[in-house]
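Novice: This structure is in structure tokens; I'll ask about it shortly.
2 protein chains.
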Amino acid sequence: MTYQAPLKDIRFALNELAELPAVCSLPGYEDASVELVDAILDEGARFAEEVLAPINKQGDKGARLDGETVTAAPGFKNAWQQYVDAGWVGLRAPYEFGGQGLPALVAIAAEEMWCSANLAFSLAPLLTLGAIEALNHHASDELKALYLPKMASGEWTGTMNLTEPQAGSDLAQVRTRAVPQDDGSYRISGQKIFITWGEHDLAENIVHLVLARLPDAPAGVKGISLFVVPKFLPGADGTPGARNDLRCVSLEHKLGIHGSPTCVMSFGDQGGAAGYLVGEANKGLGYMFTMMNHARLGVGVEGMAVSERAYQQAVAYARERVQSRAVGSPDAAGVAIIKHPDVRRMLMTMKAQIEAQRALAFVAAAALDRAARHPHPQEKARNQALVNFLIPIVKGWNTEQANEITSLALQVHGGMGYIEETGVAQYYRDARITAIYEGTTGIQALDLIGRKTAAEEGATARALLAEVQATADKLATAGFASLSANLKSAAADAERCVAFILESFAAAPQRAAAGSVPFLKLMGILLGGWQLGRAALIARERMGEEDADVDFLHAKQVTARFFGEHLLPQVSGLAAAILHGADSVLELDDGQF
Amino acid sequence: MTYQAPLKDIRFALNELAELPAVCSLPGYEDASVELVDAILDEGARFAEEVLAPINKQGDKGARLDGETVTAAPGFKNAWQQYVDAGWVGLRAPYEFGGQGLPALVAIAAEEMWCSANLAFSLAPLLTLGAIEALNHHASDELKALYLPKMASGEWTGTMNLTEPQAGSDLAQVRTRAVPQDDGSYRISGQKIFITWGEHDLAENIVHLVLARLPDAPAGVKGISLFVVPKFLPGADGTPGARNDLRCVSLEHKLGIHGSPTCVMSFGDQGGAAGYLVGEANKGLGYMFTMMNHARLGVGVEGMAVSERAYQQAVAYARERVQSRAVGSPDAAGVAIIKHPDVRRMLMTMKAQIEAQRALAFVAAAALDRAARHPHPQEKARNQALVNFLIPIVKGWNTEQANEITSLALQVHGGMGYIEETGVAQYYRDARITAIYEGTTGIQALDLIGRKTAAEEGATARALLAEVQATADKLATAGFASLSANLKSAAADAERCVAFILESFAAAPQRAAAGSVPFLKLMGILLGGWQLGRAALIARERMGEEDADVDFLHAKQVTARFFGEHLLPQVSGLAAAILHGADSVLELDDGQF
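Here you go:
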């Protein structure tokens, strides 16, 4: 099954819902015209469809480790070279180091297509961009000059070395050591796990960003520093020189994303890998937070993107597979299963959530751009708060639902879905990591109720609820009675939950935390429904225009209604669990499970 | 992670909720004393824990096909021999052919343990028992005498050959041919797919039950006959003789249950496999329905059983993995993650659903026994209707939730859950088939709203709702106010949905079908909550008794409350989708997806 970039819906979400033209007019983005973006999307779609999608399945066979050498899955090295030649790595890399410096909103649309086409491949550039962002914000000019041009071009890739066996989500436990040397460099030693694209043969050098502790560092998160640790030490002219003292000691056998080598990295087996401090000592964890928003938004997009790919395959199969008579029909002849109501229900459940998730992710990306570039400090701050609030929701909700959506896609295939050759099981396996890495859903939800809700006394949450109300009012006027009513009812439930969290977070934080994931999902459904409500209003307006794409605009309105009738009603159940379910979560003794 | 049979909860569900003593007193089950069942459970637990569970992981490496020979995964052949020697196959096989003829209720409790310990292995005896049941009900005395003793002992295994490439759920499309021979046998030719344990080296013979068409058979489901087609043709004395003209031409590469060889079987490449008609010609599909209830109940138990295994591993990991400080604690020291509220929420979500599913499945099994053996025709009929109504719910709900529960177990492990060596990913993969085979959830749901609800004008549905109400009343009196209120509210929603289905099924069947899966899930949650409500009442009573297992009985009550606060509130959202969501499911043109 080939992938076809959903350009109509991407453009609709980009232009109409995330307001690309306004983003392009922000200071510093003047080069990003709507026409340029259009061309980028067309070209990106072609690349995703023709280069990345066809090697996704063979990528499932995985990378290979021989000695210390990792060979990427067949076709990946060639695809990477084409990706680099086309300049895709640089899309949102800084202009001064050879990138195009385009808005996050544009980059995220392209990234959706890479992730749909080939999630395992797309992790290489995504990690590289995260490393670029960290260095660009915090490294010295010398380090930037040495590393960023090579990374923005894609000649070198980047990695993040955070996790250690005893330190998963809890980076306070990091033990990797960094010992200062006379020349200003450091000797790094320790073991890191779960290092995505930690070793491979795609690029001539790999730039590891590594969290480690100085000998005199304070305990806990305030004693962690960030280092650049390149695979090959670059000479002053940027040519890779001596091999550094680091290596991949094994590859993980994972449930999915087999095309992406997940490495156990060992630093300093021969006395210490040469590393270079980024910014100031003991501030490494804060630096990680700099790029966290884009990284977590990116993973939310990954979840949605794999869902989109799985949805496309399910639709194609449902159109072609003939099985059983139509429900209620006297005609015994089999029909394509897309005619069966439950198959339609499954497809609509996928479609409605994917479109809501795309819209919400793009709106969050636009806020990221406004937070970075808006000339008015108040708007800048408002957008930063909006980004902060939306990111854990986009990350958590999109990825949790990716598990459900890819499962539905598999289900549409019946027994064929369980056979690996069919391909849809790969999406189910690949998607499963997205609710885990870059902070599990539980971590996102704690972030949401704490730093993003309680810490600002619910200001952004309530501002959003007011916007949802306003959209619901417009929907009522425009004739979307049920969607309007469902949105209002869900917003009222959400309001009660915000009040509960504000009240309990200080007084009984365990009770607030007990409902944190249901709250994250509730907000995802509510805000997704809000975006589809906005979309329905725009679609209805556009229907009357000349050259209106009537099929697309009609489907958009029906999809919004479906979301209102099938997804938004889930909010009341989540609210009940949040408001009344904390005690039963917390009551059992550990031994009673 | 080792498996520990949850004998306390199995016994509680068996004795208290499914009323084993009453089942044992039914005519024909006189030998099945509560003491005997106790001994069987202890011995079965030991076998599951010590023989089957330890080879589950190596089973994931899969069976091997060389030429036409399938070699089972390492350890499976030896385990099968032990299983046969211990007489486990015969537990519910007919007494007159060497089985023990025990109630379905007892068998299902043992089957839960086999499926938890090793789902792939357990499919071999489950399929064999299905074949025994079909033959016992419909075959001639000669065929029974020849095949059943060998099958009940486990010397020979059985299979079901239904599906063909063009005929998945729609058996009307079966094309395999059966040509009558002068000696009264038939020549069978055709290809069958998805044949579980279709070829292997565990047993000396394999007895295939095959659906095929006679040359003069009417089209559609009324022209399908059932045949016995053995791998080796048995002589009159039962010794396997000449090799029959059938072979395994390939093994499927599946997402999970790798230890169970799923075969493409080819019959008649050399002119026709010898087959023997079971019962009358053209009645094959009806014969399949005979064993469908037990088979579907069994798959519902499979889903719950894999969930139980995954839950146990998640609890063990959560107790041992130390990560991050306690929520709200000033102490920076990490705690076991079972202390974190969201981890507890996940564990409770698993535990509550598993216990509800076990109870509901056992109650259905008891009804199966009563329907078969109750001396009073009215009770017999009432129980048959109850079985018919409950089976699609147990099959559909348990297996859909197995996807969620095993996913939660994986999530509790964080990044480690995504690594295959951890083992929990195998449960996630294995569980995924259960919502597909033996009729997808969509098929179950159509059966539920049609034959099981509309066809009897909602009689059983409403009788069950009345029982739920009665339990809710008792709960209110006993001090379970929230659980009582949640049950009543859910039952009222269910009542509205039953009315909607009765109304729409005839007038607008597509609209009824659009809500069929939500209705199935709604009934699963409601009836699961009902069973836990019954359990809570019993547990509260028992708390005062001498030697009361206070931990277990306390946990049971908390678990019921959790179910009421977290699961039952989902019913209102499902009801909204059923009552108001049909149009948006059906509205799009096929091309608008």
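Chains as they are written, first to last, in full-length UniProt numbering: chain A, 1 to 593; chain B, 1 to 593. Where is the CB? At the ideal position from N, CA and C, for every residue including glycine. Quantities reported herein were computed from a predicted structural model and do not represent experimental measurements.
Run down chain B in chain order and give the residues with a C-beta less than 7 Å from the C-beta of A:V315.
Specialist: Neighbours of A:V315 on chain B, chain order: F593.
Novice: Count Cβ pairs between the region 484-492 of chain A and the region 441-458 of chain A that sit closer than 8 Å; are there 3 or more?
Specialist: no
Novice: Three-state secondary structure (DSSP) at A:I224?
Specialist: coil
Novice: Counting Cβ pairs, one atom from each stretch, are 3 or more of them under 8 Å apart for the region 206-218 of chain A and the region 307-322 of chain A?
Specialist: no
Novice: Taking DSSP's pairing of strands, which residues face B:N161 in a bridge?
Specialist: B:V210
Novice: Using a Cβ-Cβ distance under 8 Å, would A:M348 count as near chain B?
Specialist: Judged by the 8 Å Cβ criterion, A:M348 is in contact with chain B.
Novice: Okay, do the region 348-363 of chain A and the region 291-310 of chain A touch, 3+ Cβ pairs below 8 Å being the bar?
Specialist: The region 348-363 of chain A is in contact with the region 291-310 of chain A.
Novice: Assuming B:A445 and B:V424 form a contact by the criterion Cβ under 8 Å, report the distance between their Cβ atoms to the nearest whole angstrom.
Specialist: Between B:V424 and B:A445 the Cβ distance is about 29 Å, and since that is not below 8 Å, they are no contact.
Novice: So, does the CB of A:P509 fall closer than 8 Å to a CB anywhere in chain B?
Specialist: Chain B places a beta carbon closer than 8 Å to that of A:P509, counting this residue as a contact.
Novice: Run down chain B in chain order and give the residues with a C-beta less than 8 Å from the C-beta of A:D590.
Specialist: R319, A336, I338, K339
Novice: Distance cutoff 8 Å, beta carbons only. Does B:Y276 sit that close to anything in chain A?
Specialist: no
Novice: For A:R11, tell me which candidate among A:E155, A:L36, A:Y29 has the shortest Cα-Cα distance.
Specialist: Closest in C-alpha terms to A:R11, from the list A:E155, A:L36, A:Y29, comes A:L36.
Novice: Excluding sequence positions up to five away, which residues of its chain have a Cβ less than 6 Å from the Cβ of B:K395?
Specialist: Result list for B:K395: R296, V299, G300, Q444, in chain order.
Novice: With 7 Å as the C-beta to C-beta threshold (strictly closer), list the residues of the region 251-266 of chain B near chain A in chain order.
Specialist: E252, H253, K254, L255
Novice: Output the distance between the C-alpha atoms of A:A18 and A:V106, rounded to the nearest integer angstrom.
Specialist: Answer to the nearest angstrom: the Cα atoms are 10 Å apart.
Novice: What three-state label does DSSP hand A:L102 in the structure shown?
Specialist: coil
Novice: Do the region 340-360 of chain B and the region 256-267 of chain B make contact, defined as three or more Cβ pairs closer than 8 Å?
Specialist: no
Novice: A:Y3 by DSSP, collapsed to three states: which one?
Specialist: coil
Novice: Sorted by chain position, which residues of the same chain lie with C-beta nearer than 8 Å to B:L127's C-beta, five sequence neighbours on each side aside?
Specialist: For B:L127, same chain residues with a beta-carbon under 8 Å away, outside a window of 5 residues either side, are T157, G158, T159, M160, T196, W197 in chain order.
Novice: What are the residues that DSSP puts in a beta bridge with A:G190?
Specialist: A:F267
Novice: Output the boundary residues of the alpha helix (DSSP H) element that contains A:Y276.
Specialist: Element bounds for A:Y276: not the alpha helix (DSSP H) but the beta strand (DSSP E), 273-277.
Novice: Between the Cα of residue 681 of chain A and the Cα atoms of A:L448, A:P375, A:Q510, which residue gives the shortest distance?
Specialist: This structure does not reach residue 681 of chain A, given that chain A is present from 1 up to 593, and the question cannot be answered.
Novice: Just verifying my parser: in three-state terms, what is the DSSP assignment at B:G241?
Specialist: strand
Novice: Quick one, which of B:V249, B:F76, B:E142, B:D245 has its alpha-carbon nearest B:L202's?
Specialist: B:F76
Novice: Assuming contact is defined by CB atoms lying nearer than 8 Å, are A:E438 and A:T290 in contact in what I supplied?
Specialist: Not in contact: A:E438 and A:T290 (Cβ atoms no closer than 8 Å).
Novice: Looking at the structure shown, is residue 594 of chain A part of a helix, part of a strand, or coil, going by DSSP?
Specialist: For chain A, the structure presents residues 1 to 593; residue 594 of chain A sits outside this window and is missing.
Novice: Going by Cα to Cα distance, which pick from A:P21, A:W114, A:Q313 is closest to A:V412?
Specialist: A:Q313
Novice: So what does DSSP say about A:P392, is it helix, strand or coil?
Specialist: helix
Novice: In chain A, which residues lie less than 9 Å from B:G286 when you measure between Cβ atoms?
Specialist: Those within 9 Å of B:G286 in chain A number zero; the least Cβ separation is about 18 Å.
Novice: Quickly, what does DSSP pair A:L251 with across the bridge? List them, please.
Specialist: A:C263
Novice: Mapping DSSP to helix, strand and coil, what is A:T406?
Specialist: helix
Novice: By how many angstroms is the C-alpha of A:M416 removed from the C-alpha of B:K231?
Specialist: Each residue's alpha carbon lies about 26 Å from the other.
Novice: Quick one, are the C-beta atoms of A:E164 and B:A576 less than 8 Å apart?
Specialist: no
Novice: Considering only the alpha carbon of each residue, which of B:N205, B:R345, B:P509 lies closest to B:A454?
Specialist: B:P509
Novice: Are at least three pairs of beta-carbons, each pair with one atom in the region 276-288 of chain A and one in the region 222-240 of chain A, less than 8 Å apart?
Specialist: yes
Novice: Look up B:P230 in the DSSP assignment and give the residues it is bridged to.
Specialist: B:V207
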